[in-house]
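S.K.: So in our numbering, spot 148 of the sequence shown is number 153, and the numbers just go up one at a time.
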Amino acid sequence: MSESLNPTPPAVPDAPVADYADGPAPEANSYVPPKWRTEPRFPDGPSPDPAGSHHERRIRSFQPRRSRVTTGQGEALKRLWGTWGLDIDGHSVIDLKTLFDGLPVVLEIGFGMGEATAQMAAADPGTGILAADVHTPGQGNLLALAERGGMTNVRVANGDAIILLREMLAPDSLAGIRVYFPDPWPKARHHKRRLIQPEFLTLAATRLAPGAVLHCATDWEPYAEQMLEVLTAHPDFENTQPDGGYSPRPDFRPLTRFEGQGLDKGHVVHDLLFRRTEN
């Protein structure tokens, strides 16, 4: 895994570099994005870099990865993205009531291949799920699952969830946030990349309605301990557990294949459910 998600942009040499068929040569020291970031594999689907996020100097909690998109996933992206997908470009605030036909909306950050998201959407059609991720095969898979199951309460957001929260969601607009099995960044020097940090909680609290719940789950015990510590200390959240500890897995969170593999290895899964306070 890369040491840094935001490497210093390489300097372009002062001398022109060959011919530039699509326009003039870049200015000296300008940043030329990698080709894969600027040429979408699905022209009418998710953008490879919707917010130009490589220009923002911020440590990120995720590592975009290139993976094979199956034929079915690709067809779902082409067919459904215009209806159920959106890019996190930071350009405008999303009208969630219009997007979800008036349903209360829960934001899910990082959904993998979307199996658990689809199960939760099917079990609770009265709640809208705005599912955010950067993994193109997972986006296509979730769209295909939603179509197959007739689940119209799912929307797939492509890009950085921090930009989504900060720039594209209105205050008090979310009925909940779900963060299931985020990257634990186990090495000590990478702990700063973990998503659940005080700064994230402060931002999340502004977008959650009073009384709405932030639900985290992880099978990495040191990360669970950090989550419990920072959530307990944050003034905008209170533990739903009277004893101040971890919560039992609620019935609405499915047991995923990934979670089952962790349990088979002897991992202990911890759920944390913290309510946004009224103040």
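Every residue gets a Cβ at the ideal spot worked out from N, C-alpha and C, and that includes glycine. Keep in mind the model is a prediction, meaning the values are calculated, not measured.
#1: Per DSSP, Thr223 is paired with what?
#2: Taking the alpha helix (DSSP H) that Gly145 falls in, what are its first and last residues?
#3: Considering just the uninterrupted stretch of the alpha helix (DSSP H) at Asp269, what are its terminal residues?
#4: How would you call Pro203, buried or exposed, if buried means at least 16 neighbouring beta carbons within 10 angstroms?
#5: Give, in chain order, every unbroken run of the alpha helix (DSSP H) that is at least 4 residues long and sits entirely within the segment 190 to 239.
#6: Evaluate contact between the segment 186 to 205 and the segment 246 to 260, counting only Cβ atoms and requiring at least three cross-stretch pairs below 8 Å.
#7: Quick check: what's the CA-CA separation for Asp276 versus Gly155?
#8: In its own chain, which residues sit with a C-beta less than 7 Å from the C-beta of Gly145, not counting the 5 before and 5 after it?
#9: Do you know how far the Cα of Val184 is from the Cα of Asn163?
#10: Quick check: Ile242 and Leu219, are their CB atoms within less than 8 Å of each other?
#11: Between Ala175 and Leu135, what straight-line distance do the alpha-carbon atoms span, to the nearest angstrom?
#12: DSSP state of Gly79, grouped into three classes?
#13: DSSP three-state call for Gly181: helix, strand or coil?
#14: For Lys172, which residues of its own chain have a beta-carbon under 7 Å away from its beta-carbon, when the five flanking residues on both sides are left out?
#15: Reducing DSSP to helix, strand and coil, say where Ile99 ends up.
#16: Sorted by chain position, which residues of the same chain lie with C-beta nearer than 7 Å to Gly267's C-beta, five sequence neighbours on each side aside?
#17: What residue from Ile168, Glu120 and Ile99 has the CA that sits closest to Arg153's CA?
#18: Which residue's Cα is closest to the Cα of Ile93: Met232, Val161 and Asn284?
#19: Between Phe263 and Gly143, is the Cβ-Cβ spacing less than 8 Å?
#20: Measure from the alpha carbon of Leu112 to the alpha carbon of each residue in Thr103, Thr122 and Asp106, then state which is nearest.
#21: Who are Asn158's beta bridge partners in DSSP?
#22: Just checking my contact of Arg258 with Ala222 at CB under 8 Å: how many whole Å lie between their CB atoms?
#23: Between Arg281 and Val110, what straight-line distance do the alpha-carbon atoms span, to the nearest angstrom?
#24: Taking Cβ to Cβ, would you say Leu108 is nearer than 8 Å to Gly133?
#25: Based on the DSSP output, what are the partners of Gly133 in its beta bridges?
#26: In or out: Gly115 buried (at least 16 other Cβ within 10 Å) or exposed?
#27: Check the C-beta distance from Ala180 over to Ala214 and give it rounded, since I have them as a contact under 8 Å.
M.R.: Taking the geometry as given:
#1: In DSSP, Thr223 forms a bridge with His275.
#2: Counting along the chain, the alpha helix (DSSP H) containing Gly145 begins and ends at Thr141 to Arg153.
#3: It spans Arg262 to Asp269 - the alpha helix (DSSP H) in which Asp269 sits, taken as one unbroken run.
#4: So Pro203 counts as exposed.
#5: DSSP runs (the alpha helix (DSSP H)) wholly in the segment 190 to 239: 203 to 212 and 226 to 238.
#6: Under the Cβ criterion (8 Å, minimum of three pairs), the segment 186 to 205 does not count as touching the segment 246 to 260.
#7: C-alpha separation (whole angstroms): 29 Å.
#8: Taking Gly145 as the centre and dropping the five residues before and after it, the same chain places the C-beta of Val74, Gln78, Gly79, Ala81 and Leu82 closer than 7 Å to its C-beta, in chain order.
#9: Cα-Cα distance, rounded: 16 Å.
#10: A small fix is needed here, since residue 242 is Phe in this sequence, not Ile. Their beta carbons are under 8 Å apart, which means Phe242 touches Leu219 by this criterion.
#11: C-alpha separation (whole angstroms): 14 Å.
#12: Of the three classes helix, strand and coil, the one that applies to Gly79 here is helix, per DSSP.
#13: Strand at Gly181.
#14: Sequence inspection shows Glu at residue 172; the Lys mentioned does not correspond to that position. Taken in chain order, the residues that qualify are Gly95.
#15: The DSSP-derived three-state label of Ile99 is coil.
#16: Only Asp224 and Val274 meet the Cβ criterion.
#17: Residue Glu120 is the option with its Cα nearest to Arg153.
#18: Comparing Cα-Cα distances from Ile93 to each of Met232, Val161 and Asn284, the minimum goes to Val161.
#19: Not in contact: Phe263 and Gly143 (Cβ atoms no closer than 8 Å).
#20: Ranking the options by Cα distance to Leu112, first place goes to Thr122.
#21: Answer by DSSP bridge pairing: none, since Asn158 is not bridged.
#22: In this structure, Arg258 and Ala222 form a Cβ contact; the two beta carbons are roughly 7 Å apart against a cut-off of 8 Å.
#23: The C-alpha of Val110 is placed about 15 Å away from the C-alpha of Arg281.
#24: Taking 8 Å as the Cβ cut-off, Leu108 and Gly133 qualify as a contacting pair.
#25: BP columns for Gly133 point to Val110.
#26: Classified as buried, Gly115 has 16 or more neighbouring CB atoms from the shown chains inside 10 Å of its CB.
#27: Contact between Ala180 and Ala214 is confirmed by a C-beta separation of about 6 Å, below the 8 Å threshold.
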